[in-house]
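A quick write-up on the structure given underneath.
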Amino acid sequence: MSAYSELESRFRRMSTLGEAAGVLHWDRAVLMPDGGAGARSDQLSALAMTLHEMITDDRLPDLLDRAAEDVAGDPWQSANLSEMRRGHIHASAVPADLVEALSTEGLACEMTWREARAKSDFSLVAPQLAGVLALVRQSADAKAEALGVAPYEALMDQYEPGGRTAHIDALFADLADFLPDFIETVLVHQGKREDALPLGGPFPIDAQRALGVRLMERLGFDFNRGRLDISLHPFCGGVPDDVRITTRYDESDFTQSLMGVLHETGHALYEMGLPSDWRHQPVGGARGMALHESQSLLIEMQACRSREFIEFAAPLMREAFDENGPAWAVDNLYHHYTKVARSLIRVD
3 MSAYSELESR FRRMSTLGEA AGVLHWDRAV LMPDGGAGAR SDQLSALAMT
53 LHEMITDDRL PDLLDRAAED VAGDPWQSAN LSEMRRGHIH ASAVPADLVE
103 ALSTEGLACE MTWREARAKS DFSLVAPQLA GVLALVRQSA DAKAEALGVA
153 PYEALMDQYE PGGRTAHIDA LFADLADFLP DFIETVLVHQ GKREDALPLG
203 GPFPIDAQRA LGVRLMERLG FDFNRGRLDI SLHPFCGGVP DDVRITTRYD
253 ESDFTQSLMG VLHETGHALY EMGLPSDWRH QPVGGARGMA LHESQSLLIE
303 MQACRSREFI EFAAPLMREA FDENGPAWAV DNLYHHYTKV ARSLIRVD
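In terms of our numbering, the sequence shown has 188 at position 186, counting the first letter as 1, and numbering is strictly consecutive.
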């Protein structure tokens, strides 16, 4: 077996274990009773430690070096080897005890956050969050030294390969220069039109879910390879052949949940469309969070908030909630889905 073939085999096993951890994370958010948190923390920490041991194996550097000859002339294999090396560098920079602490403390903090969110009391989670941030800073310092970059850049590189502050700062500066005046212009223009008619309600959760499923299917979501559930905060997880979308519902307002479902569908379609020939290899995974988020926003903002989409969806909305009248006309629904307002956060 060539060095590259052995690496492919190793990373295939790591990918499978990582997917198992992902499903456990999904179950924790969707189905797990609160009393199972301790056991789930042990399970996920054990998987995190096993994966860390596998990717920091002392034999890996030699295999990575020898594999360079095996992949010469093949762009996909060369890119895959580069991603393997990048993953090894990131993992090797962080000691095992810090990996374990990040896993256990992060999971415990999230469980506390659920309680704090329900009670709208940040003080409940603040101490644990501070502890997690301290651990993340330790990880950032260790990775920064290994990568030869600033700590924040080391963290960015985890989620956006090659991301550097010089590039991000320029993007943010452009937005900071453009957005304030633009938002004011939009609000002035918006103020010249009549307010949207209220949609009434309540909107039963079963009806909201059925509408979401119907639109997901029309967008291309394959329910033979995925599902839709409820969680405290919407997310998209799972694996390309078993994508797990979650949302939350508000019976007084179906519009936000529906767009949340369509946003997560954008994430799911990207995952479902990843190259199957490179399944379980680093090069076959999502390229980074910027691209991932662009795909969800492409579906939600550019496609599903367009007038054309609202024209298509309006009859389905009226049918789902057995409603009619001026409030359910295309113009009014379009007004609801394109309204701009200053707010603290994009989702509640």
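Even for Gly, the Cβ is constructed at its ideal location relative to N, Cα and C.
- The straight-line gap separating the alpha-carbon atoms of A322 and A118 is approximately 34 Å.
- Our two residues, Q130 and A198, have alpha carbons roughly 43 Å apart in a direct line.
- In chain order, I91, A156, D159 place their CB closer than 7 Å to the CB of L149, counting only its own chain and leaving out the 5 sequence neighbours on each side.
- In the DSSP secondary-structure assignment, L230 is bridged to I247.
- A distance below 7 Å between beta-carbons, with the five flanking residues on each side excluded, links A5 to the following residues of its chain, in chain order: L65, R68, A69, D72.
- The alpha helix (DSSP H) runs lying completely inside the segment 107–167 and spanning 4 residues or more are 128–149, 153–161, given in chain order.
- When DSSP states are grouped into helix, strand and coil, G38 belongs to the helix group.
- Following the DSSP letters along the chain, one finds F311 inside the alpha helix (DSSP H) bounded by residues 309–323.
- CA-CA distance, A144 to V101, rounds to 12 Å.
- Apart from the 5 residues on each side of it in sequence, S259 sits with its Cβ closer than 7 Å to the Cβ of Q210, T249, R250, Y251, D252 in its chain, given in chain order.
- Annotated three-state conformation of F237 is strand, per DSSP.
- With a cutoff of 9 Å on beta-carbon distance, D255 and G203 are scored as near each other.
- Counting along the chain, V263 sits inside the alpha helix (DSSP H) bounded by residues 256–274.
- With respect to the 9 Å criterion, V96 and S141 are classified as neighbours on the basis of their beta carbons.
- For the 9 Å CB-CB criterion, H269 and Q304 do not form a contact.
- Sequence-distant partners of R289 (beyond 5 residues in either direction) whose C-beta falls short of 8 Å from its own C-beta, in its chain, are P163.
- For the pair T257 and L221, the CB atoms are not nearer than the 9 Å cut-off.
- The Cβ atoms of V285 and A93 lie no closer than 9 Å to each other.
- Counting the other Cβ atoms within 10 Å of the Cβ of I247 gives 16 or more, which makes it buried.
- Inclusion of L53 and L19 in the CB contact set at 9 Å is warranted, their separation being smaller than that value.
- Here the C-alpha atom of R12 lies approximately 37 Å from the C-alpha atom of G262.
- A305 carries a helical assignment under DSSP once its states are collapsed to helix, strand and coil.
- Each residue's CA atom was taken as its position, placing I207 and L62 some 51 Å apart.
- DSSP places G24 inside the alpha helix (DSSP H), whose first and last residues are 5–32.
- Exposure of E313 is indicated by the presence of fewer than 16 other C-beta atoms within 10 angstroms of its C-beta.
- For A212, the uninterrupted alpha helix (DSSP H) segment begins and ends at 207–221.
- R116 is positioned such that its CB atom lies closer than 9 Å to that of L234.
- In this structure, DSSP gives H294 a helical state, which the three-state scheme calls helix.
- The beta carbon of E21 lies closer than 6 Å to those of V241 in the same chain, with the five residues before and after it left out.
- In the three-state reduction of the DSSP assignment, R61 falls in the coil class.
- With fewer than 16 neighbouring CB atoms inside 10 Å of its own CB, F184 falls in the exposed class.
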